[in-house]
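Undergrad:
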Amino acid sequence: MENNPSINVAGLQFSWELDKGRFLFEEDDAVLFWISSAMKTFFDSIEEIAGEESATVVLEATGFRQGLVVGEYFQQQDISLKEATNLIQNTYGSAGWGMISVEKLDVETATAEVHLKDSWEHKINVAQGKTSGGSFLPAHYAGIFTGLMEQNIWYEVVHHQIEGNEQSIVRYFPSDTTVQENIHRLIRTKEAEQIQLLEQSVDEKTKELNELIKEISSPLIPVLDGIVVVPLLGSYDETRADELITKTLSNLPKHQAENLVLDLTGLNNDFSEQTASLIDKIGSAASLIGTKTVLVGISAQMGVVISQTGIELKRFQCFQTLQHGIYYALAQRGKSII
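Plus 1193 on top of the position in the sequence shown (first one is 1) and you've got my numbering.
Structural data, given as structure tokens:
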């Protein structure tokens, strides 16, 4: 067998340089792949890595840009648009791209219609088990017409062969739509999806944190029979204050609390008129269910704030330390710690 065999098919030259491992199509390097196995694996890999939506945009952009190279090449030849499209039909058909027919070509309106039958992309989609056609070839011919007509051309798929039609039909027309715009739209969509997922995660974690805070913030501590201690910690907004009041009052009967000891030690840097009002509300509500309130841990700074608010807390027994408050509560029940 000769080292440089060649063959002419429909006016197109195919040749081989076997000693160099080269296959040439119209005197330019080309490569051959099996469609339903090797090329299918290529497409499958892109979709697996990028995801189906991203893969569609990737193949669309690739198809368009490759087509643009072809269109610009033929545009530079000294032939008419009709002659160029005829050459392209023969070239692609001879190269195994399927049966291609350019219909309704209108130079003035820069419109055309391409009919594709048994294209390699269709065969790959069939092998993949898909029910909808791909984006590579429709975008590829948009790139060809963009190069030939020297203006941006985009496409609209009328229907795909894989949907049960005899052939795929794609319309082409002038448009502001570009592959760059589609790529940027995909990026923005992906960013929005990631932001939404992040926001959802933050909301979930915030909810979990709030629930945790509710559990550990101002816990009810039954220290001895009939005596419950509630340490107040940090600052209290309206929501947190309502939660504390509800939690405290709903649990006092469960512990059969005769004395509620409110430990204010953790409020030294966060004591305000609102906090003083909260203490007053808890004490007043506790008294309605028969529980006496004792305040412990009042600092000089708190005393100044309380006197300025005008809120009357003198009706509650007040002690400097928690220990003294518990001793007092025990004494009210006729008990003491030995």
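The beta carbon of each residue, even a glycine, is placed where N, CA and C say it ideally should be.
I need the straight-line Cα distance from P1533 to L1413, nearest angstrom please.
TA: For residue 1533 there is no data in the structure shown, the boundaries of the chain being 1194 and 1531.
Undergrad: Quick check on the DSSP output: what are the complete alpha helix (DSSP H) runs of length 4 or more inside the region 1333-1375, in order along the chain?
TA: DSSP runs (the alpha helix (DSSP H)) wholly in the region 1333-1375: none.
Undergrad: Have a look at L1445 and D1396 and give me their C-alpha separation to the nearest angstrom.
TA: Position 252 of the sequence shown, counted from the first residue, corresponds to residue 1445. Position 203 of the sequence shown, counted from the first residue, corresponds to residue 1396. Their Cα atoms are separated by approximately 32 Å.
Undergrad: Tell me the rounded alpha-carbon separation between S1480 and I1420.
TA: Here residue 1480 refers to the residue found at position 287 when the sequence shown is read from its first residue. Here residue 1420 refers to the residue found at position 227 when the sequence shown is read from its first residue. Those two C-alpha atoms are separated by around 14 Å.
Undergrad: Near G1340, which residues of its chain fall below 8 Å by C-beta distance, leaving aside the five closest residues on each side in sequence?
TA: Within the sequence shown, the letter at position 147 stands for residue 1340. Once the five neighbours on either side are set aside, the close Cβ partners of G1340 are G1260, L1261, V1262, V1263, G1264, E1265, Y1266, F1267, Q1268.
Undergrad: What residue from G1496, L1455, R1433, G1291 has the CA that sits closest to I1317's CA?
TA: For the purposes of this step, residue 1317 is taken as residue 124 along the sequence shown, with counting starting at 1. The shortest Cα separation from I1317 among G1496, L1455, R1433, G1291 belongs to G1291.
Undergrad: What span of residues does the alpha helix (DSSP H) with L1515 cover, start to end?
TA: Within the sequence shown, the letter at position 322 stands for residue 1515. That run of the alpha helix (DSSP H) goes 1515-1525.
Undergrad: Where does the unbroken alpha helix (DSSP H) through W1313 begin, and where does it stop?
TA: Numbered from its first residue, the sequence shown carries residue 1313 at position 120. 1313-1321 is the span of the alpha helix (DSSP H), which, as asked, contains W1313.
Undergrad: Considering only their Cβ atoms, is the gap separating V1351 from I1362 smaller than 8 Å?
TA: Counted from its first residue, the sequence shown places residue 1362 at position 169. Counted from its first residue, the sequence shown places residue 1351 at position 158. Yes; because the gap between Cβ atoms is below 8 Å, this pair is in contact.
Undergrad: Determine the extent of the alpha helix (DSSP H) in which T1486 is found, giving its start and end residues.
TA: Residue mapping note: residue 1486 aligns to position 293 of the sequence shown, counting from 1. It is not in any alpha helix (DSSP H) - T1486 instead sits in the beta strand (DSSP E) that spans 1485-1489.
Undergrad: For the beta strand (DSSP E) that M1232 lies in, which residues bound it at each end?
TA: By 1-based counting over the sequence shown, the position of residue 1232 is 39. It is not in any beta strand (DSSP E) - M1232 carries neither H nor E in the DSSP assignment.
Undergrad: What is the DSSP secondary structure of A1223, reduced to helix, strand or coil?
TA: Taking the sequence shown and counting its residues from 1, the one referred to as residue 1223 is at position 30. The answer is strand: DSSP assigns A1223 an E or B state.
Undergrad: Would DSSP call D1456 helix, strand or coil?
TA: Along the sequence shown, one-based indexing puts residue 1456 at 263. In the structure shown, D1456 sits in a strand (DSSP, three-state: E or B).
Undergrad: Taking 8 Å as the cut-off, does the region 1506-1518 touch the region 1451-1460 (at least 3 CB pairs, one atom from each stretch)?
TA: yes
Undergrad: Taking only three categories from DSSP, how would you classify I1272?
TA: Here residue 1272 refers to the residue found at position 79 when the sequence shown is read from its first residue. I1272 falls in the coil class under three-state DSSP.
Undergrad: In the DSSP output, which residue or residues are listed as bridge partners for A1305?
TA: Here the question's residue 1305 lines up with position 112 in the sequence shown. DSSP, once it has assigned bridges, lists Y1365 as partnering A1305.
Undergrad: Does DSSP classify S1294 as helix, strand or coil?
TA: Taking the first residue of the sequence shown as position 1, residue 1294 is located at position 101. Note: S1294 maps to strand in three-state DSSP.
Undergrad: Find out if the Cβ-Cβ distance for the pair T1304, F1257 is shorter than 8 Å.
TA: Taking the sequence shown and counting its residues from 1, the one referred to as residue 1304 is at position 111. Taking the sequence shown and counting its residues from 1, the one referred to as residue 1257 is at position 64. Annotated as distal: T1304 and F1257, with beta-carbon spacing of 8 Å or more.
Undergrad: I need the straight-line Cα distance from T1502 to E1466, nearest angstrom please.
TA: Residue 1502 sits at position 309 when you count from the first residue of the sequence shown. Residue 1466 sits at position 273 when you count from the first residue of the sequence shown. Looking at the two C-alpha atoms, the distance is approximately 6 Å.
Undergrad: Note down the Cα distance separating S1368 from A1332, rounded to an integer number of angstroms.
TA: Against the sequence shown, residue 1368 aligns to sequence position 175. Against the sequence shown, residue 1332 aligns to sequence position 139. Their backbone Cα atoms lie some 13 Å apart in a straight line.
Undergrad: Please name the residue or residues paired with Q1510 in a DSSP beta bridge.
TA: As a working note, residue 1510 is residue 317 in the sequence shown. For Q1510, which the question treats as bridged, DSSP gives the partners V1487.
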